[in-house]
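Take a look at the structure below.
In the UniProt record's numbering, the protein residues as written are 1 to 221.
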């Protein structure tokens with residue numbers, strides 16, 4: 001009997017390019033779920049330093065990433081402090097350079113527009129070199145095409161791409177999407193998930209919909 005992969009290791013396989021992110025995060029405003037990985041041939045453990053830009057926890061926004069997400073090399077999350085003041089005639093951040101400029105201008109962070117948290121659901125695949133902008137919510141099961149600039153929310157099981165990214169289609173029909181959102185397989189106990197894996201990886205979506213639909217109905221009883 002093979003063991004179930006451990007979500008608490010940094011490098012989950014022999015390749016050395018993939019790490020489970022939750023085990024290398026230290027910032028208090030970044031939250032990552034079990035089994036979500038970042039893949040990078042250089043140094044995947046440097047995700048927080050290289051891929052989360054302008055993160056100042058005191059600003060008040062968070063980066064929340066769910067479970068079982070696949071984050072490709074070069075994906076970057078742009079936090080709120082990357083913005084500039086746009087409510088005045090100049091956008092220049094005089095205050096951050098100190099001296100007399102700081103004495104005659106408001107505190108820099110207090111002047112920035114607050115877009116809110118970046119929230120990525122569960123089982124989301126984000127393609128290489130994509131940019132996720134402040135305040136964006138990406139739903140469970142969504143797919144983001146490579147080199148996309150995501151400035152608006154993406155619904156569950158949507159496929160989005162481009163600059164700015166637009167939702168191109170839904171991955172599945174509405175009935176299967178609702179079954180998957182009810183099932184929330186990413187929250188299943190490890191042993192139960194192992195039993196569901198053949199269905200989760202089955203390309204026969206009609207059979208998957210029927211079987212998982214019956215499975216969810218039985219769980220409701």
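Cβ atoms here follow ideal geometry from the backbone N, Cα and C, with glycine treated the same way.
Tell whether a beta-carbon distance below 9 Å holds between residue 137 and residue 162.
no
Assuming residue 93 and residue 84 make a contact with CB atoms under 8 Å, what is their CB distance in whole Å?
6 Å
Among the residues of its own chain, which have a CB less than 6 Å from the CB of residue 59, if the five just before and after it don't count?
80, 81 and 109
Could you give the distance in angstroms between the alpha-carbon of residue 19 and the alpha-carbon of residue 217?
36 Å
Give the range of the alpha helix (DSSP H) segment to which residue 165 is assigned.
Segment 165-170 is the beta strand (DSSP E) holding residue 165; no alpha helix (DSSP H) there.
Verify the CB distance criterion: does residue 55 have a CB-CB separation below 9 Å to chain B?
Here there is only one protein chain, and chain B is not present.
Could you tell me whether the Cβ atoms of residue 157 and residue 177 are closer together than 9 Å?
yes
Looking at residue 66: is its Cβ nearer than 9 Å to the Cβ of residue 33?
yes
Can you round the beta-carbon distance between residue 75 and residue 130 to whole angstroms, since I take them to be within the 8 Å contact cut?
5 Å
Alpha-carbon to alpha-carbon, residue 7 and residue 28
20 Å
Three-state secondary structure assigned by DSSP to residue 158:
strand
How big is the Cα-Cα spacing for residue 96 and residue 57?
17 Å
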